[in-house]
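One structure is given here, and the rest of the page talks about it.
Numbering (this note's numbering), first residue to last: 413 to 578.
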């Protein structure tokens, strides 16, 4: 098991390293063409899932091999399911904006988060993978961190009556 885990991490880190080298090449091309708008960034977050397998998520406004398509940044978003409190929390890092700059639209199981303040622009669409009450959404923003909380909808138990056969 340990060897599989180690080789899986080695494989992921090699892919990550190659991506970062590709992005360096992209940045050099921007410098040659006189384009100095930005900032451009790209990164990964990595956690270990409950099954012991690594979970890698990308973020940023530049993808490997592609030129930036906008000056918006994609914030890092974590989804936390709290079974005890029966809630789903979306936590997004969006520093440099005010809470009045934050716009949240929840529709068709997608939370559309955006904010704009001076040169700071953020936008991301987060699919809601759990059954939540969209009308229960409550949001707070403090110290650059947006927290959006939804109540979980409990699975409905099948209605009906079991009939015994005589």
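Yeah, the Cβ is synthetic: ideal placement off N, Cα and C, and Gly gets one too.
Note that the coordinates shown come from a computational prediction; the quantities given were computed from them, not determined experimentally.
Cβ-heavy atom distance, residue i to the ligand GDP, below 7 Å
i, result
"residue 543", "With respect to the ligand GDP, the structure offers nothing, as it holds no ligand at all."
Nearest residue (CA-CA) to residue i, options the options
i, options, result
"residue 548", "457, 560, 556, 538", "560"
"residue 419", "466, 502, 494", "466"
"residue 556", "496, 546, 529", "529"
"residue 375", "505, 516, 577", "This structure cannot speak to residue 375, because the chain is shown only from 413 to 578."
"residue 509", "535, 470, 461", "535"
"residue 522", "542, 511, 533, 507", "542"
"residue 606", "546, 459, 533", "Nothing in the structure corresponds to residue 606, since the chain is present only between 413 and 578."
"residue 540", "511, 493, 568", "493"
Cα-Cα separation between residue i and residue j, rounded to whole angstroms
i, j, result
"residue 554", "residue 531", "19 Å"
"residue 513", "residue 485", "15 Å"
"residue 570", "residue 488", "38 Å"
"residue 498", "residue 491", "14 Å"
"residue 424", "residue 551", "34 Å"
"residue 427", "residue 572", "53 Å"
"residue 526", "residue 422", "35 Å"
"residue 495", "residue 463", "18 Å"
"residue 468", "residue 502", "17 Å"
"residue 461", "residue 576", "44 Å"
"residue 578", "residue 566", "35 Å"
"residue 562", "residue 519", "13 Å"
"residue 558", "residue 574", "47 Å"
"residue 500", "residue 455", "25 Å"
"residue 515", "residue 546", "15 Å"
"residue 447", "residue 524", "Confidence is the limiting factor: at residue 447 the pLDDT is only 48, short of 50, which leaves the residue's position unreliable, though a coordinate-based value still follows. Approximately 29 Å, taken between the alpha carbons."
"residue 470", "residue 459", "12 Å"
"residue 517", "residue 511", "15 Å"
Residue i, enclosing beta strand (DSSP E) - first and last residue
i, result
"residue 565", "Counting along the chain, residue 565 falls outside any beta strand (DSSP E), and DSSP gives it neither H nor E."
"residue 542", "Looking at the DSSP string, residue 542 is not in any beta strand (DSSP E), and its letter there is neither H nor E."
"residue 517", "514 to 519"
"residue 500", "499 to 505"
"residue 491", "489 to 494"
"residue 368", "The requested residue 368 is not part of the displayed model; the chain covers only 413 to 578."
Inter-residue CB distance, residue i and residue j (contact presumed, cutoff 8 Å)
i, j, result
"residue 544", "residue 564", "6 Å"
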